[in-house]
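Colleague: Protein chains in written order, with our numbering: chain A, -5 to 186; chain B, 726 to 1061; chain C, 99 to 302; chain D, 48 to 249; chain E, 87 to 531.
Idealized CB from N, CA, C, for every residue including glycine.
Just dropping this structure here.
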Amino acid sequence: MNLFLIFISAAVVNNFVLSYFLGICPFVGVSRKVSSAVSMGLAVIFVMAISSVFTWLIYHLILVPFNMEILEYVSFILVIASLVQLVEMFIRKVSKPLYDTLGIYLPLITTNCAILGLALFSVLREYNFIESLVFGLGAGAGFTLALVIMAGIREELDMAPVPKYFQGAAITMIVAGALALAFMGFAGLISI
Amino acid sequence: MSIPSPASSKGKSKLKEPENLLILASSPHLHTTTSTQSIMWQVVLALSPAATMAIYYFRWPAVVIILTSVIAAVLTEAVINRLKGETLTITDGSAVITGLLLALTLPPTFSIGGTILGAVVAIGIGKQLFGGLGYNIFNPALLGRAFLQASFPIGMTTWSTPATLAGSAVDGVSTATPLGLYKFEHALTGYADLFVGNVGGSLGETSALAILIGGLYLLIRRFADWRIPVSYLGGVVIIGGIFWAFAPNQFPDPVFHLLSGGLILGAFFMATDMVTSPITHLATWIYGIGMALILVIIRLFGGLPEGVMYSILLMNAVTPLLNRYTRPKIFGEVQS
Amino acid sequence: MAKKQISIWQEIVKGLWRENPVLATLLGLCPTLAVTNTAVNGLAMGLATSFVLLSSSLFISSLRNFIPHQVRIASYIVIIATFVTVADRFLAGFFPAISQSLGPYVPLIVVNCLILGRQEAFSSKNKISRSLLDGIGMGLGFSLVLIALGMVRELLGSGSIFGITLLGEWFEPWMVMILPPGAFLTLGFFIAIANWINDRRATA
Amino acid sequence: MTQHTSGSGKMVLVLTLITALSGAILAAWDSYTAPKITYHREQALLVAISQVLPAHDSTRTVVLNGQTFYEAFAGDSLVGVGFQALGNGFQGQIRMMLGMTPDLETITGLEILEQVETPGLGTKIAHDPSQRSDPEWFTKQFNGLLPSPELTVIKNATPTHSNEIQAITGATISSQAVVRILNQQIESARQAFRTGSEVVHG
Amino acid sequence: MNTATFSRGVHPHEYKELTSHKPIEKLPAPESVFIPLQQHIGKPCEPLVAKGDTVTTGQKIGDAEGLVTAPVHASISGVVKSIGHFPHPLGGRVEMIHIQNGSTGASSDSEILLDRPSDWEKASPEELIRVVREAGIVGMGGAGFPAHVKLNPPPDKPIDAFILNGCECEPYLTADHRMMVENTDEILLGMAIICKILGKCKGYIGIEKNKSDAIQRMQERVEALHYEFAVVPLEVKYPQGAEKMLVQSVLKRKVPAGGLPLDVGVVVHNVGTTLAIHDAIINGKPVTQRVVTVTGDGLRDPKNILAPVGAPFQDLLTYCGETMSETKQVFMGGPMMGLAQYDLSVPLVKTTSGIVSLHQEPVGAIRQMPCIQCGNCVSACPMNLIPTRLARYTQNQRYTELVDWGVFNCIECGSCAFVCPSSIPLVQWIRVGKNKARQGQKSAS
Ligand SMILES: Cc1cc2nc3c(=O)[nH]c(=O)nc-3n(C[C@H](O)[C@H](O)[C@H](O)COP(=O)(O)O)c2cc1C
Ligand SMILES: Cc1cc2nc3c(=O)[nH]c(=O)nc-3n(C[C@H](O)[C@H](O)[C@H](O)COP(=O)(O)O)c2cc1C
Ligand SMILES: Cc1cc2nc3c(=O)[nH]c(=O)nc-3n(C[C@H](O)[C@H](O)[C@H](O)COP(=O)(O)O)c2cc1C
Ligand SMILES: Cc1cc2nc3c(=O)[nH]c(=O)nc-3n(C[C@H](O)[C@H](O)[C@H](O)CO)c2cc1C
Ligand code: SF4
Ligand code: SF4
Ligand code: SF4
Ligand code: SF4
Ligand code: FES
């Protein structure tokens, strides 16, 4: 049950995008079309899941035993960057269609703060290995949910007479604000 | 100009003929007599029983809130029309509905300043920033209310006891809503009181009877899609009923779910807002059941006693996706 | 590149408006939204980011001929992460209250696209002095927007600015402004206003 | 990529150098800041302990059954016991320092160390700006309460019993969460403190 | 009565009472007729006469090579005054043969008949089809598709049913109704001929319930004459007469998207077409005249008229008491699909089922509002399309999505625009969209 709560909390209650403001750049940048949003979301879920596992291992098996917590940020970001690189190479090798749908989004993910944020929150909340993994999956699912909903809305708004100065990024922020208001309805789901 | 606009070509094509001026328009040349404007004003009419009950139960404060909200909504619309340099759209009645519905979702003791803010947000951000009538993604009245709920969490959850025929005006004695009582004190309220509305709550939500009168009018005139109240309320009965069947001591029964809070008002007047609800029939069913699921989860497990507003806003958000992925099978199309 | 060098002044000023990281290029949005619920937080985040930006620009621009192309991103990341750690520990050591309220958003400067973006686009190609000016301008532009956002949100959400109560008892704060929706809405309006000003300037 | 194979040695070298440099800088910086950070952390704890416990002139930390207690002494006599209580609030974890008399029957003080409740609502458990005269009225209510039987929350009324506290308007859930966490942890603290075998830390 | 129908569709007010009881009258011969060389889908005809030639009623005056085309015939006897481009009721100027009534010797009663088999029951289908072609018979339900092509389906598409389209679902129109009441036996014989041409196939007669006298009469005559045809009463609903809907209503068969009734073994013909086939095979008469309803709130005396092809609209309207003093709108066909006219010198063509003249200001155009996503158009569309999306995609030049959402399945029936409370000219947008999407597809390939 606890794992379930971690998942729900990361996915909807404390949605990474809408209440932690993590991964806003891709949220704004890759939400123009539903199809790319779905691919990006899948890529993020995948990277989040494996990077939460690896950063957990690095932190608890190397940094803590050797008292090198000061290297937390340097090592996390290196691990994430190289993981993304490896995954990209791997996908390119095994499946061309998969690469075309997911691969092109992978480089974008390296500099996505949601991935690093995930690792940092895991450490901060003292999650164990399994909890970290579930947290990663939940956060990825939440990111995807927000991204795909946003893309659906933006495809619609592309055809709406949005006032001139609000077209583009501004209305995207307003929609995100409205979504964040709506997601506040889930507040407190985890407290009981 | 790559696309000729029908409106402009219509204007231009009034050719002068020796014997007469004949209007050239594209077929069909017959139209239904129901106009968007008349629909909107009839929705206002349909809301009048609920508004009347609000005034009966909560007296002057209700009058003040309703008037403030409607006037603020209409003025905001007018000002934005001006800023955008368009013709005034306030006579189409949609801003009046938004203002009226916002008012009906506010607590009787809510401040005038807060009411104005809510109406400005509803029309300004909720409707006009998205492109005006027909283009908004979220229900404007509910977006305004959600803004107020997040801004003034205490003011938005302070309720007063309704007045009755016997009782005098509202005396500011604060009370709790049936859902609040249930959630925080695990106390149930009688069905009769719930049905006629003799309970604490937002202005227009307390009397199921008054709302049903207007709501049925909307359904009969086909201004609201019957699938929405049927799927939403039906979903709540079924989903809420499942929880109740498993743990009747822990969870309230479906009738209580139906009659308490803003469910009936939301199901008949807000979820049915055509602009923000889906257009395909399959999507409409999913929309209704989705709202029901979110509502029951929030009511039973969330931090808030009530979830109607959030359930509708959240399903508004996925409506573009629903519409997109439920394209009906075209006549004669084979399932692939 | 025989392109005419723009003046020192312009190098700094471009970050304030024309190439403002938040309003024009939409970089570094996460901290912009996350920590601007008060003006102080905006200021602290702006300074921390500027510090990282400046020191890594300095470093990278001096090493620019030395770092092979293939490993440049990895090298930048390491350098940036180093300075972020420095800034984070500094705040924790000397301003524990601010450090606590910024939470994990300081370490997240590591992945702030603004910083990596400037290294990639500017420091790796320009002299140390130019890179410094660029960093100052960008850092300033970023900080100013963060402070402005923080001020608006704090004023409406708490009735104060930099902790000083400005709006009296009559004002009931709009709590939403210091919550996530307020962040998105305020930034949306900021971007729209920037569009409007640009439009006015273009037509003027 | 292949034409640069001769450079791959250089690549590794440069990256290694940069990482080493980074390590060196950070090691130096760590040795400079780490004591300060530790100091702040301990200071915060000490302040909290001293605030929740009656006047004392020395403290010591003991671990009983894996649970940490801070004992306060005035002279030689044990005047109070402090311990941390942790649990889920409305949005996330609430961490508190609770002070009690040595018999663990009466509360002597409560401090909220960490919480991530909603600003303006749940955060009032720690600091309520709307009560300008006494922003910490919520935690102060706990002084002198007798959590036997359990602490209970009441709404919209003034408490009349010595185990009751008043909920914060609009933040009933956070108020209830505080009380729920305290009830649970007082119970386990009593178990540990009364039966546990002692490990003393300085 | 359990009546058959299709799903969705609309119920516009009928206005049929203006003419439904009025027997068909013959128009006095007009002074001139203008016979368009194109009155059908397919290749236009070449003129077979020249200016100054004398022609006789029934004389073939235009024809073309090719399968999908149909000849045209002189509808009155007289002199060819000119061959030139004149306004056509479908829009634009089209090559027409202008014939002035009987100024030279030939008697006005004389008529040229078709060369045809003496006993149709013994004739081969090929022979009958040739007569149908020579008679210039095209779909008189409005589409104008050459009948001989429809009657000669490819061998891999066996036909087992013929439906007589007696729906006449458009408001105002009563021409088919009157023909069914007055020419019942001829129509039934026409059906028998069609069924023979098509081979083993059963005949169905689909009539909307609002024409109960026609249903009754058809029923009686079918029994009296021992035909094996089924009379199928249909619910009154627009566009019941659209062939895909009709096939669904009568036979419960779904014509595949992008397909034709013959894909499900069905041929559909309009009442007028069937009568014309009878006239050609039995009497040797080519299409030189047709029954047309001339009606509207502006006419003193609305009528069903048998009029020669090529007669100007003006003449027909004047005959029915139109003064033009307050006329706001005239269209060819019914109000749902008809085409608005601005020049009343246009001639009656083979596909003109009605001419409607209105004095009321048409509602709608003035009070156009934004789409409120009410979904009325979705509930109305018989093809199960999402008209509001199609319009919005067109407005935003999203032609890929437009095609994905099935714009080419739209039959332009107008049900969507009829029900739209915001008076959005949906059909017009859809037509624009179809054109643009087609251009895009062409330029892509
Ligand atoms: C409250 C209410 C509930 C209805 N429920 C149903 C129903 O469950 N199933 C149904 O087929 N028609 C139902 N109807 C009848 C509908 O009005 C009508 O049959 C249906 O909308 C026609 O389908 P259309 O929307 O495609 O025109 C209901 C009508 C009302 C007023
Ligand atoms: C976005 C949001 C955040 C909230 N945060 C808190 C919170 O942190 N703590 C809390 O007790 N209640 C919070 N609430 C309110 C609770 O859900 C609930 O309404 C309240 O605790 C009931 O208190 P009352 O009975 O005094 O009105 C929040 C509500 C919303 C909409
Ligand atoms: C919307 C629509 C409505 C139609 N209504 C009728 C009708 O009522 N009667 C009719 O004979 N044809 C109608 N048609 C034409 C038929 O689809 C079909 O083309 C015709 O019945 C075939 O017969 P024909 O070739 O003899 O004209 C309609 C077509 C459309 C697109
Ligand atoms: C049945 C019906 C329900 C409506 N409900 C709402 C509503 O809940 N909130 C609102 O702002 N407008 C409502 N409207 C009015 C209108 O659709 C609204 O102003 C548009 O959402 C603004 O574009 C409703 C209209 C109708 C016909
Ligand atoms: S962290 Fe990444 S996503 Fe977040 S703001 Fe910075 S750059 Fe954008
Ligand atoms: S023309 Fe009109 S009336 Fe005649 S069939 Fe077609 S739709 Fe029905
Ligand atoms: S979309 Fe086409 S088929 Fe559907 S109702 Fe409109 S016109 Fe008729
Ligand atoms: S009927 Fe008109 S208003 Fe309603 S959805 Fe269709 S187009 Fe929009
Ligand atoms: S710009 Fe921030 S992730 Fe791409």
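(1) Determine, using beta carbons only, whether Val788 of chain B and Ile822 of chain B come nearer to each other than 7 Å.
(2) Sorted by chain position, which residues of the same chain lie with C-beta nearer than 7 Å to Pro236 of chain E's C-beta, five sequence neighbours on each side aside?
(3) Determine, using beta carbons only, whether Gln514 of chain E comes closer than 7 Å to chain B.
(4) Would a check of beta-carbon distances place Val274 of chain C closer than 7 Å to chain B?
(5) Output, in chain order, the set of chain A residues within a Cβ distance shorter than 7 Å of Tyr782 of chain B.
(6) Counting C-beta neighbours from all protein chains within 10 Å, is the total for Pro473 of chain E 16 or more, i.e. buried, or is it exposed?
(7) Note down, in chain order, each residue of its chain lying with its Cβ closer than 7 Å to the Cβ of Arg870 of chain B, except the 5 sequence neighbours on either side.
(8) Chain B partners of Glu267 of chain C, CB-CB under 8 Å?
(9) Does the beta carbon of Gln514 of chain E fall short of 6 Å from some heavy atom of ligand 8?
(10) If you drop the 5 nearest sequence neighbours on each side, which residues of the same chain put their C-beta closer than 8 Å to that of Trp184 of chain D?
(11) Met182 of chain E: beta carbon under 6 Å from a heavy atom of ligand 3?
(12) Ordered along the chain, which non-local residues of its own chain (more than five positions away) have a Cβ less than 7 Å from that of Val318 of chain E?
(13) Can you check which of these residues, E:Phe92, E:Ser93 and E:Pro98, is closest to Val505 of chain E by C-alpha distance?
(14) When you compare only the Cα positions, how much space is there between Pro173 of chain E and Pro130 of chain E?
(15) Using three-state DSSP, classify Gln114 of chain D as helix, strand or coil.
(16) Verify the contact flag: Gln454 of chain E, CB atom, against every heavy atom of ligand 8, threshold strictly below 6 Å.
(17) Give the interface partners of Arg453 of chain E over in chain A, defined as CB-CB distance under 8 Å, in chain order.
(18) Heavy atom of ligand 3 less than 6 Å from the Cβ of Asn251 of chain E, yes or no?
(19) Could you tell me the distance, in whole angstroms, from the CA atom of Leu937 of chain B to the CA atom of Asn521 of chain E?
(20) Would Asn260 of chain E pass as a contact of Arg307 of chain E if the rule is Cβ separation under 7 Å?
(21) Return yes when the Cβ of Ser148 of chain C is within less than 7 Å of the Cβ of Gly237 of chain C, no when it is not.
(22) For Val81 of chain A, does the three-state DSSP call read helix, strand or coil?
(23) Starting from the N-terminal side, write out each stretch of the beta strand (DSSP E) that is 3 residues or longer and does not extend beyond the region 943 to 981 of chain B.
(24) With respect to the alpha helix (DSSP H) encompassing Gln525 of chain E, which residues constitute its N-terminal and C-terminal limits?
(25) For chain C, find out if any of its Cβ atoms is closer than 7 Å to the Cβ of Phe863 of chain B; answer yes or no.
(26) Using a Cβ-Cβ cut-off of 7 Å, state whether Leu198 of chain D counts as contacting chain B.
(27) Are the C-beta atoms of Leu277 of chain C and some chain B residue less than 7 Å apart?
(28) Which residue comes first and which comes last in the beta strand (DSSP E) that contains Ile185 of chain E?
(29) If you measure from each CB to the nearest heavy atom of ligand 8 and keep those under 6 Å, what residues do you get, in chain order?
(30) Checking 7 Å against the spacing of the C-beta atoms, do Val182 of chain C and Val150 of chain C come in under that value?
(31) Is the distance from the Cβ of Val142 of chain A to the Cβ of Ile103 of chain A below 7 Å?
(32) With 16 other CB atoms within 10 Å as the buried threshold, where does Thr263 of chain C fall?
(33) Where does Ala891 of chain B sit, in a helix, a strand or coil, going by DSSP?
(34) Find the nearest neighbour of Ser160 of chain C within the set C:Ser222, C:Met275, C:Leu231 and C:Arg116, judged by alpha-carbon distance.
(35) In angstroms, rounded to a whole number, what distance separates the CA positions of Ser69 of chain A and Leu151 of chain D?
(36) Hey, quick one: how far does the alpha helix (DSSP H) through Gly839 of chain B stretch, first residue to last?
Modeller: In short, the structure shows the following:
(1) Translated into the one-based positions of the second sequence, residue 788 of chain B becomes position 63. Translated into the one-based positions of the second sequence, residue 822 of chain B becomes position 97. Note that the C-beta distance between Val788 of chain B and Ile822 of chain B is not below 7 Å.
(2) Here the question's residue 236 of chain E lines up with position 150 in the fifth sequence. Contrary to the premise, residue 236 of chain E reads as Lys rather than Pro in this sequence. The residues Val353, in chain order, have a CB closer than 7 Å to that of Lys236 of chain E in the same chain once the five nearest residues on each side in sequence are set aside.
(3) As a position in the fifth sequence, residue 514 of chain E is number 428, starting the count at 1. So, interface residue.
(4) Translated into the one-based positions of the third sequence, residue 274 of chain C becomes position 176. Closer than 7 Å to some Cβ of chain B, the Cβ of Val274 of chain C qualifies, so yes.
(5) Working through the second sequence from its first residue, we reach residue 782 of chain B at position 57. For Tyr782 of chain B, no chain A residue has a Cβ inside 7 Å of its Cβ, as the nearest lies near 27 Å away.
(6) Taking the first residue of the fifth sequence as position 1, residue 473 of chain E is located at position 387. So Pro473 of chain E counts as buried.
(7) Indexing the second sequence from 1 puts residue 870 of chain B at position 145. Apart from the 5 residues on each side of it in sequence, Arg870 of chain B sits with its Cβ closer than 7 Å to the Cβ of Leu827, Thr830, Gly843 and Met1034 in its chain, given in chain order.
(8) As a first step, residue 267 of chain C is located in the third sequence; it is residue number 169 there, counting from the start. Chain B residues near Glu267 of chain C: none, gap ~13 Å exceeds 8 Å.
(9) Taking the fifth sequence and counting its residues from 1, the one referred to as residue 514 of chain E is at position 428. Flag unset: Cβ of Gln514 of chain E not near ligand 8.
(10) The sequence position of residue 184 of chain D within the fourth sequence is 137, counting from 1. Take Trp184 of chain D, set aside five residues on each side of it, and the residues of its chain with a beta-carbon closer than 8 Å to its own are Asp175 and Gln178, in chain order.
(11) As a first step, residue 182 of chain E must be located in the fifth sequence, where it is residue number 96. Met182 of chain E Cβ: outside cutoff for every heavy atom of ligand 3.
(12) Position 232 of the fifth sequence, counted from the first residue, corresponds to residue 318 of chain E. Excluding the 5 residues flanking it on each side, Val318 of chain E has same chain C-beta neighbours closer than 7 Å at Ala90, Tyr290, Ile291, Gly292 and Val336, in chain order.
(13) Here residue 505 of chain E is taken as the residue at index 419 of the fifth sequence, counted from 1. For the residues E:Phe92, E:Ser93 and E:Pro98, the minimum Cα distance to Val505 of chain E belongs to E:Pro98.
(14) Working through the fifth sequence from its first residue, we reach residue 173 of chain E at position 87. Working through the fifth sequence from its first residue, we reach residue 130 of chain E at position 44. If you take the alpha carbons of Pro173 of chain E and Pro130 of chain E, they lie about 16 Å apart.
(15) Within the fourth sequence, the letter at position 67 stands for residue 114 of chain D. Gln114 of chain D sits in a strand when the DSSP states are folded into three classes.
(16) Taking the first residue of the fifth sequence as 1, we reach residue 454 of chain E at position 368. Look at Gln454 of chain E: its beta carbon is at least 6 Å from all of the heavy atoms in ligand 8.
(17) For this step, residue 453 of chain E is matched to residue 367 along the fifth sequence. Correct list: empty, because the minimum Cβ distance to chain A is about 19 Å.
(18) Working through the fifth sequence from its first residue, we reach residue 251 of chain E at position 165. Set against 6 Å, the gap from the CB of Asn251 of chain E to the closest heavy atom of ligand 3 is smaller.
(19) Translated into the one-based positions of the second sequence, residue 937 of chain B becomes position 212. Translated into the one-based positions of the fifth sequence, residue 521 of chain E becomes position 435. Leu937 of chain B and Asn521 of chain E: Cα-Cα distance of roughly 47 Å.
(20) Position 174 of the fifth sequence, counting from 1, holds the residue named residue 260 of chain E. Position 221 of the fifth sequence, counting from 1, holds the residue named residue 307 of chain E. A small correction: the amino acid at residue 260 of chain E is Thr; Asn does not occupy that position in the sequence shown. Thr260 of chain E places its beta carbon 7 Å or farther from that of Arg307 of chain E.
(21) If you number the third sequence from 1, residue 237 of chain C lands on position 139. If you number the third sequence from 1, residue 148 of chain C lands on position 50. Using a Cβ distance threshold of 7 Å, Gly237 of chain C and Ser148 of chain C count as a contacting pair.
(22) Your numbering for residue 81 of chain A matches position 87 in the first sequence. Collapsing the DSSP output to three states places Val81 of chain A in a helix.
(23) Within the region 943 to 981 of chain B, no complete beta strand (DSSP E) run reaches 3 residues.
(24) Counting from 1 along the fifth sequence, the entry for residue 525 of chain E is found at position 439. For Gln525 of chain E, the enclosing alpha helix (DSSP H) covers residues Leu512 to Ala530.
(25) Start at 1 with the first residue of the second sequence, and residue 863 of chain B comes out as number 138. Chain C, which has no Cβ nearer than 7 Å to the Cβ of Phe863 of chain B, makes this no.
(26) Along the fourth sequence, read from residue 1 onward, the residue named residue 198 of chain D stands at position 151. At a cut-off of 7 Å between C-beta atoms, Leu198 of chain D does not count as an interface residue with respect to chain B.
(27) Locating residue 277 of chain C in the third sequence gives position 179, counting from the first residue. True, the Cβ-Cβ gap to chain B drops below 7 Å.
(28) Within the fifth sequence, the letter at position 99 stands for residue 185 of chain E. Per DSSP, Ile185 of chain E belongs to the beta strand (DSSP E) from Arg179 to Asn187.
(29) One residue list follows from the rule of a beta carbon closer than 6 Å to any heavy atom of ligand 8, given in chain order as E:Cys457, E:Ile458, E:Gln459, E:Cys460, E:Gly461, E:Asn462, E:Cys463, E:Pro473, E:Thr474, E:Val505, E:Cys506, E:Pro507, E:Ser508, E:Ile510 and E:Leu512.
(30) Counting from one through the third sequence, the residue named residue 182 of chain C turns up at place 84. Counting from one through the third sequence, the residue named residue 150 of chain C turns up at place 52. Yes, the pair counts as a contact, with Cβ atoms nearer than the cut-off.
(31) Along the first sequence, read from residue 1 onward, the residue named residue 142 of chain A stands at position 148. Along the first sequence, read from residue 1 onward, the residue named residue 103 of chain A stands at position 109. Taking C-beta atoms as the reference points, Val142 of chain A and Ile103 of chain A fail to come closer than 7 Å.
(32) Start at 1 with the first residue of the third sequence, and residue 263 of chain C comes out as number 165. Counting other Cβ atoms within 10 Å of its Cβ, Thr263 of chain C stays below 16 and is therefore classed as exposed.
(33) On the second sequence, residue 891 of chain B is found 166 positions in, with the first residue counted as 1. Because the pLDDT of Ala891 of chain B is 47, which lies under 50, any placement of that residue in the model is unreliable, and the question is left without a value.
(34) As a first step, residue 160 of chain C is located in the third sequence; it is residue number 62 there, counting from the start. If we check each option's Cα against that of Ser160 of chain C, C:Ser222 comes out closest.
(35) Counting from one through the first sequence, the residue named residue 69 of chain A turns up at place 75. Counting from one through the fourth sequence, the residue named residue 151 of chain D turns up at place 104. Cα to Cα, the separation comes out at about 45 Å.
(36) In the second sequence, counting from the first residue as 1, residue 839 of chain B sits at position 114. Residues Ile837 to Val845.
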